[in-house]
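To keep things clear, I will list the structure first and then write my remarks on it.
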Amino acid sequence: MDLLMAGILVITIAVAVAGFTLIARRLLDLRFGTIRTLLAAALVLGIAGPLMRSFIGMVDPDDPSITPLWFLILAVVCTLLAGMVFLVIAEALVPPGSLPGPVELVRGLRGRMVRSRRYLQITRILVRHGLGPYLRGRDPDLGASSSRVRLARSLREALDDAGVTFVKLGQILSTRGDLLPVEFVEELRLLQDRVTSAPWAEIEPVLVAELGGPVAETFADFEREPLAAASIAQVYRARLKTGEEVVVKVQRPGIVAVVEQDLDIVARLARTLERRTQWGRAFGVGDLSRGFAEALREELDFRIETANMAAVAAASAGEPVHVPVPYPELSGRRVLVMERLKGAALGSAVPEGRDRRELARTLLDTLLRQIMLHGVFHADPHPGNIMLLADGRLALLDFGSVGRLDGAMRAALQRLLGAMDRGDPLGVSDALLEVVSRPDEIDENELERELGRFMARHVVTGVAPDMQMFGRLFRIVSAHGLSVPPEVAAVFRALATVEGTLAWLAPGFDIMAEARAFSARHLQEESTPTRLRQAVEQEALSLLPMLRRLPRRIERIAGAAEHGRFSLNVRLFADERDRRHITGLLHQVLITVLAATTGIMAVLLLGTDNGPQPTPGVGLYQLIGYNLLVISAILALRVLVTVFRQDR
Numbered sequence: 024m025d026l027l028m029a030g031i032l033v034i035t036i037a038v039a040v041a042g043f044t045l046i047a048r049r050l051l052d053l054r055f056g057t058i059r060t061l062l063a064a065a066l067v068l069g070i071a072g073p074l075m076r077s078f079i080g081m082v083d084p085d086d087p088s089i090t091p092l093w094f095l096i097l098a099v100v101c102t103l104l105a106g107m108v109f110l111v112i113a114e115a116l117v118p119p120g121s122l123p124g125p126v127e128l129v130r131g132l133r134g135r136m137v138r139s140r141r142y143l144q145i146t147r148i149l150v151r152h153g154l155g156p157y158l159r160g161r162d163p164d165l166g167a168s169s170s171r172v173r174l175a176r177s178l179r180e181a182l183d184d185a186g187v188t189f190v191k192l193g194q195i196l197s198t199r200g201d202l203l204p205v206e207f208v209e210e211l212r213l214l215q216d217r218v219t220s221a222p223w224a225e226i227e228p229v230l231v232a233e234l235g236g237p238v239a240e241t242f243a244d245f246e247r248e249p250l251a252a253a254s255i256a257q258v259y260r261a262r263l264k265t266g267e268e269v270v271v272k273v274q275r276p277g278i279v280a281v282v283e284q285d286l287d288i289v290a291r292l293a294r295t296l297e298r299r300t301q302w303g304r305a306f307g308v309g310d311l312s313r314g315f316a317e318a319l320r321e322e323l324d325f326r327i328e329t330a331n332m333a334a335v336a337a338a339s340a341g342e343p344v345h346v347p348v349p350y351p352e353l354s355g356r357r358v359l360v361m362e363r364l365k366g367a368a369l370g371s372a373v374p375e376g377r378d379r380r381e382l383a384r385t386l387l388d389t390l391l392r393q394i395m396l397h398g399v400f401h402a403d404p405h406p407g408n409i410m411l412l413a414d415g416r417l418a419l420l421d422f423g424s425v426g427r428l429d430g431a432m433r434a435a436l437q438r439l440l441g442a443m444d445r446g447d448p449l450g451v452s453d454a455l456l457e458v459v460s461r462p463d464e465i466d467e468n469e470l471e472r473e474l475g476r477f478m479a480r481h482v483v484t485g486v487a488p489d490m491q492m493f494g495r496l497f498r499i500v501s502a503h504g505l506s507v508p509p510e511v512a513a514v515f516r517a518l519a520t521v522e523g524t525l526a527w528l529a530p531g532f533d534i535m536a537e538a539r540a541f542s543a544r545h546l547q548e549e550s551t552p553t554r555l556r557q558a559v560e561q562e563a564l565s566l567l568p569m570l571r572r573l574p575r576r577i578e579r580i581a582g583a584a585e586h587g588r589f590s591l592n593v594r595l596f597a598d599e600r601d602r603r604h605i606t607g608l609l610h611q612v613l614i615t616v617l618a619a620t621t622g623i624m625a626v627l628l629l630g631t632d633n634g635p636q637p638t639p640g641v642g643l644y645q646l647i648g649y650n651l652l653v654i655s656a657i658l659a660l661r662v663l664v665t666v667f668r669q670d671r
């Protein structure tokens with residue numbers, strides 16, 4: 024019997040909870056989390072009994088009328104109202120997603136313990152190198168060059184000690200002359216991956232898993248000693264069954280977990296610095312960390328690099344710079360197989376007996392063609408990513424960072440560089456506003472004057488460009504509230520990086536003069552009679568359908584105007600999204616008006632003493648007023664909970 028009563032009690036509670044959940048969702052028109060719904064249902068069950076006894080106690084139990092039923096309904100509604108008030112308060116104070124669930128909480132605690140140990144390790148490294156005060160909000164002293172050099176050296180040493188992710192962060196920052204002073208860029212360029220190679224016993228399982236079988240089934244010969252070892256991958260020599268000499272890039276085992284943990288720490292540190300320090304906000308460290316994380320995650324997936332190699336090779340067909348051929352059928356997420364090139368990295372090779380200026384001109388011409396003509400370009404052309412082949416040609420390596428531009432963006436960049444070549448500040452300003460994302464309000468006259476001063480300083484004959492040129496241009500853009508799209512920033516970073524490569528390869532190489540020569544050659548290629556005829560034919564074909572319809576439309580307009588029937592039809596809220604938005608606003612306003620009206624009526628009825636007296640203590644008007652007050656409260660709660668959700 025006790026077991027039966029317990030079962031009935033459980034079923035009753037379950038039905039009550041389900042009923043409350045359904046009613047609350049229906050009345051408030053929102054779904055709530057399971058935990059907060061159960062807590063609200065528990066509150067309802069806890070106060071339902073006492074509240075009903077209190078309300079029923081106001082009525083004579085022997086009263087044959089329906090008055091006891093009205094008080095019972097009022098008690099039930101007040102109980103439901105209490106639960107809904109709890110839900111709305113919880114929605115305001117603890118929005119959904121602001122607190123983790125039980126499973127996420129356990130995982131978060133475990134991850135927090137691991138992260139805390141890494142935090143302490145990184146903090147000790149930063150303090151040891153004298154960077155602790157800058158974490159607490161102190162602005163770095165960037166006034167004197169000696170101070171910048173000292174701080175840049177401390178930052179480079181700290182990043183070097185912190186491990187693979189932070190070394191990569193420093194290497195990427197070394198390409199951001201648009202954001203960092205030149206002393207930081209030059210110092211961070213010294214960061215290199217200096218790691219001990221992983222043993223073959225750890226590398227072989229990665230190869231077997233990616234190849235789908237033993238190494239000997241795919242390769243006729245595979246050297247166990249790595250050709251090179253970096254922080255993310257190791258490179259091996261190998262020969263395919265078909266006889267081709269290849270190199271195999273294999274990701275280090277377990278590196279993804281290490282990088283993901285450090286990326287989480289980098290993101291948290293960036294948010295802290297941006298929130299607490301002025302220099303963090305000025306440098307935009309939050310955006311930097313997000314861009315860095317995205318780039319590094321792409322670098323961890325060799326399938327992206329394989330696709331990038333194929334895209335750049337297709338865009339560079341016929342160019343004198345070679346792109347190694349990948350083997351997609353043998354490559355995967357952690358293994359990349361590509362053609363083996365004979366030569367040495369440009370950073371360690373001295374092109375003796377070769378014309379350095381001709382090599383520099385070839386490299387710049389290839390990069391400009393990739394950017395301006397094909398829209399697919401190598402975004403990190405530093406000396407370590409360029410190889411000097413045995414036959415004297417140059418080859419591009421490491422395609423983890425590749426930029427892409429659509430036709431409209433390429434045309435805008437061509438107009439921008441053409442205006443800079445002509446020394447036309449107005450043309451540069453107009454073209455720049457096509458390239459970047461502009462705010463609603465901008466002082467175009469001041470922007471034009473700033474660009475004129477920039478060109479007078481950097482874009483003149485006899486003045487060699489440097490990293491400060493691109494940094495100055497980005498600072499002008501930022502100062503006027505313009506937002507540079509990532510693909511355009513990649514172009515300027517690539518040009519800034521290749522400028523350093525060209526300066527090392529051929530000191531005194533005039534990048535602006537060569538860029539002008541490239542522009543002149545490209546203009547000549549596009550100005551041949553055949554090209555001009557093709558362009559005219561394409562434009563005519565695109566305009567022909569419109570030109571065929573134009574006379575009829577002009578005749579209709581003229582006829583309507585002549586007979587006084589010319590009119591304009593304007594359709595308001597033609598977009599379904601606009602109609603939904605307006606409907607939602609009207610719905611909310613209507614509920615608000617109903618809540619206010621019902622509340623006023625309830626107050627007026629509660630203040631009325633005359634009328635029938637169903638009970639000695641409560642009149643009919645007061646009973647109706649209490650019910651209207653509950654309805655008003657429910658309507659007000661529906662508006663409030665919608666507002667709280669929309670605020671997020």
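Everything in the sequence shown is counted per our numbering, starting at 24 for the first residue and increasing by one. Beta carbons are placed, not taken as given, at the ideal position from N, Cα and C, and that holds for glycine. All values reported here derive from a predicted model rather than from experimental measurement.
Query, Result
"Buried or exposed: where does M569 fall if 16 or more other Cβ atoms within 10 Å of its Cβ makes it buried?", "exposed"
"Counting only runs that start and end within the segment 288 to 341, where is the alpha helix (DSSP H) found for 4 or more residues in a row?", "301 to 306, 308 to 322 and 325 to 338"
"Taking only the alpha-carbon atoms, compute the straight-line gap between G415 and G366 and give it to the nearest angstrom.", "9 Å"
"So, is I577 buried or exposed, given that buried needs 16 or more other C-beta atoms within 10 angstroms?", "exposed"
"For K272, count the other beta carbons within 10 Å of its own beta carbon; 16 or more makes it buried, fewer makes it exposed. Which is it?", "buried"
"Between the C-alpha atoms of A98 and D601, what's the straight-line distance to the nearest angstrom?", "42 Å"
"Identify which residue in V187, L214, I145 and V514 has its Cα closest to the Cα of V399.", "V514"
"Check whether the Cβ atoms of R275 and A333 lie closer than 8 Å to each other.", "no"
"CB-CB under 7 Å to A442, same chain, minus the five flanking residues each way: which ones, in chain order?", "G450, V451 and A454"
"Can you tell me whether DSSP reads K191 as helix, strand or coil?", "helix"
"Expressed to the nearest angstrom, what Euclidean distance is found between the alpha-carbon atoms of R445 and A431?", "21 Å"
"Quick one: Cα of I327 to Cα of G423, how far?", "7 Å"
"Using CA atoms only, rank isn't needed, just tell me which of R262, I654 and G236 is closest to R247.", "R262"
"Can you name the residues that DSSP bridges to L412?", "G366"
"Report the CB separation of L386 from L518 in whole angstroms; it is logged as a contact under 8 Å.", "12 Å between Cβ atoms; not a contact."
"Out of R392, D421 and L364, point me to the one whose CA is closest to A434's CA.", "R392"
"Buried or exposed for T265, please, with buried defined as at least 16 other CB atoms from any protein chain shown within 10 angstroms of its CB.", "exposed"
"When you compare only the Cα positions, how much space is there between G355 and V662?", "53 Å"
"Shortest alpha-carbon distance to T219 belongs to which of D378, G314, A253 and A41?", "A253"
"Tell me whether R427 sits in a helix, a strand or coil according to DSSP, three-state version.", "strand"
"Since A383 and L566 are thought to touch, with beta carbons under 8 Å apart, how far apart are those beta carbons, to the nearest angstrom?", "About 44 Å; that fails the 8 Å criterion."
"By DSSP, does Y350 sit in helix, in strand, or in coil?", "coil"
"N408 and L417 - do their beta-carbons sit closer together than 8 Å?", "no"
"Look at the alpha carbon of M410 and the alpha carbon of L319, and state the distance between them as a whole number of angstroms.", "23 Å"
"Consult DSSP for R54 and reduce its assignment to one of helix, strand or coil.", "coil"
"Given this structure, state the Cα-to-Cα distance separating R294 from I288, to the nearest angstrom.", "10 Å"
"Using the Cα positions of V458 and L116, report the straight-line distance between them to the nearest angstrom.", "43 Å"
"Starting from the C-beta of I499, find all residues in its chain whose C-beta is less than 8 Å away, skip the five residues before and the five after it, and write them out in chain order.", "L470, E473, L474 and F477"
"Please decide whether F532 counts as near chain B, where near means a Cβ-Cβ distance under 8 Å.", "The structure shown contains no chain B; it holds only a single protein chain."
"Could you give the C-beta distance for H405 and G523, rounded to a whole number, given that I count them as a contact under 8 Å?", "7 Å"
"Look at L390 and V208 and say whether their C-beta atoms are less than 8 Å apart.", "no"
"Determine the direct distance from the alpha carbon of L436 to that of M395, and round the result to whole angstroms.", "8 Å"
"Quick one: residues in its chain with C-beta nearer than 6 Å to the C-beta of W223, no 5 flanking neighbours on either side, listed in chain order?", "R247"
"For L417, report the span of its beta strand (DSSP E) as first-last.", "L417 to L419"
"With a 10 Å radius around its C-beta and 16 neighbouring C-beta atoms as the bar for buried, classify L609 as buried or exposed.", "exposed"
"Please name the residue in Q284, E240, D421 and D183 whose C-alpha comes closest to that of T329.", "D421"
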